[in-house]
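Numbering-wise, numbering that gives the first Met the number 0 puts 175 at position 176 of the sequence shown, and it's gapless, one number per residue.
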Amino acid sequence: MPPGRRPGLARLGLALVLILALSACSNLFFVPMKTLLRTPDELGLDFENVFIDSSDGVRLYAWFLPAEETARGTILFLHGNAENISTHIGGVYWLPARGYNVLLLDYRGYGLSSGEPSLQGATDDVQAALRWLLARTEGQPVAVLGQSLGGSLGVVAIDRADLAPQIRALILDSAFSDYRLIAREKLAGFWLTWPLQYPLSWLISDHFAPTRAIARISPTPVLIIHGEDDNIVPPHHARQLYRAAREPKALWLVPDTGHIGALARPEIRDRLVKYLDRTMGRRPSSNNN
Numbered sequence: 000m001p002p003g004r005r006p007g008l009a010r011l012g013l014a015l016v017l018i019l020a021l022s023a024c025s026n027l028f029f030v031p032m033k034t035l036l037r038t039p040d041e042l043g044l045d046f047e048n049v050f051i052d053s054s055d056g057v058r059l060y061a062w063f064l065p066a067e068e069t070a071r072g073t074i075l076f077l078h079g080n081a082e083n084i085s086t087h088i089g090g091v092y093w094l095p096a097r098g099y100n101v102l103l104l105d106y107r108g109y110g111l112s113s114g115e116p117s118l119q120g121a122t123d124d125v126q127a128a129l130r131w132l133l134a135r136t137e138g139q140p141v142a143v144l145g146q147s148l149g150g151s152l153g154v155v156a157i158d159r160a161d162l163a164p165q166i167r168a169l170i171l172d173s174a175f176s177d178y179r180l181i182a183r184e185k186l187a188g189f190w191l192t193w194p195l196q197y198p199l200s201w202l203i204s205d206h207f208a209p210t211r212a213i214a215r216i217s218p219t220p221v222l223i224i225h226g227e228d229d230n231i232v233p234p235h236h237a238r239q240l241y242r243a244a245r246e247p248k249a250l251w252l253v254p255d256t257g258h259i260g261a262l263a264r265p266e267i268r269d270r271l272v273k274y275l276d277r278t279m280g281r282r283p284s285s286n287n288n
């Protein structure tokens, strides 16, 4: 090999590793799918196609599922990082039969929503959907249910927009507590990115850290649900969020349950409906201090 060739190859190899690692880091949070695999009517549900403009003009797509009888409230559902609302509807399709409207939002870049996903963009999208829903429901009770990434986005979006006083409850299912922490944990699980877990995780802004925002949600009730067998977002994330939150708060650790699996269990659904019935009946706070 000619002199100087080996260092050049080494630099090229390092650059490729960094590119792959940065791509893996980005894909931890956003793995969108454009194709809708089903629609609510295939599950026997009435629904309305909804288009919402985010603050920067990006057009967002959502489904509005009306309650089967007189609605006791409305839930904004924020799904996890992969696919789109058509594959996540299983988490909430049962709520209309229990007396709750549901708005399922696809963030920018997901499903029929335009744009490209990013943390700032997705946060803006959640705020836009929540404002649209509050205007649509005209003072009727609204809660937010976020699963995995959706829970983490919901905490920060509500805090930044100072919308907590208008929300009756925030429910986090399998949410992670910190973007840098979950990135380190995922990068550590792959031999190629293991040596870079700390330097790469520090490239992620802590401006979106849920543990920094969740305390400011109070006095809006916060419910944290997490499967004890979750190997995608380990349950220590739930405990960290619970410690950071202020009262009123609750933590449900569900045995023998994996990632976003709790709401597939009938007893957890029943328990959640009782929680919603109780919190949706409370009057919204005049402030969030």
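Every residue gets a Cβ at the ideal spot worked out from N, C-alpha and C, and that includes glycine.
Since the structure is predicted, the reported quantities are computational estimates derived from the model, not experimental observations.
Using the beta-carbon count (16 or more within 10 Å), is residue i buried or exposed?
i: H206; result: exposed
i: S54; result: exposed
i: A147; result: Reading off the sequence shown, one finds Ser at residue 147, where the question assumed Ala. S147 comes out buried.
i: G43; result: exposed
i: K56; result: The sequence as given places Gly at residue 56; Lys does not occur at that position. Exposed: under 16 other Cβ atoms inside 10 Å.
i: R242; result: exposed
i: E82; result: buried
i: K248; result: buried
i: D158; result: buried
i: A134; result: exposed
i: G150; result: buried
i: G280; result: exposed
i: G114; result: buried
i: G110; result: buried
Going by alpha carbons, who is nearest to residue i out of the options?
i: V221; options: L240, H78, A208; result: L240
i: L171; options: W62, L250, A70; result: L250
i: D269; options: L59, V91, E82; result: V91
i: W182; options: I213, G138, V232; result: It should be pointed out that residue 182 corresponds to Ala in this sequence rather than to Trp. Among I213, G138, V232, the Cα nearest to that of A182 is on V232.
i: L144; options: A156, E137, G138, R135; result: A156
i: Q119; options: L152, A128, P140, A142; result: L152
i: T69; options: K248, V30, Q139; result: Q139
i: A261; options: V272, P209, Y106, H225; result: H225
i: G257; options: T210, S217, A174; result: A174
i: G79; options: E115, F29, T34; result: F29
i: I74; options: G110, T136, V141; result: V141
i: N230; options: E184, I223, K273; result: E184
i: L162; options: S176, A127, I88; result: A127
i: Y274; options: P234, I223, H235; result: I223
i: L180; options: G89, L271, T122, P234; result: P234
How big is the Cα-Cα spacing for residue i and residue j?
i: T278; j: A168; result: 6 angstroms
i: M32; j: A96; result: 28 angstroms
i: W93; j: A214; result: 30 angstroms
i: E67; j: D45; result: 9 angstroms
i: T34; j: R107; result: 14 angstroms
i: A61; j: S85; result: 10 angstroms
i: Y178; j: G72; result: 31 angstroms
i: W131; j: A160; result: 13 angstroms
i: P209; j: V154; result: 6 angstroms
i: D255; j: I216; result: 30 angstroms
i: E266; j: R245; result: 26 angstroms
i: L129; j: E41; result: 26 angstroms
i: G98; j: A212; result: 30 angstroms
i: E227; j: D124; result: 30 angstroms
i: P116; j: H87; result: 18 angstroms
i: K137; j: P164; result: Note that residue 137 corresponds to Glu in the displayed sequence, not to Lys. E137 and P164: Cα-Cα distance of roughly 15 angstroms.
i: S176; j: A121; result: 17 angstroms
What distance in whole Å lies between the Cβ atoms of residue j and residue i, which are believed to be in contact at a cut-off of 8 angstroms?
i: T219; j: I166; result: 5 angstroms
i: P39; j: L77; result: Not a contact, Cβ separation roughly 17 angstroms.
i: A237; j: L252; result: 7 angstroms
i: S112; j: R58; result: 7 angstroms
Does the contact criterion of 3 or more C-beta pairs under 8 angstroms hold for the segment 45-60 versus the segment 100-115? Three or more Cβ pairs closer than 8 angstroms define a contact, and the segment 45-60 meets that threshold against the segment 100-115.
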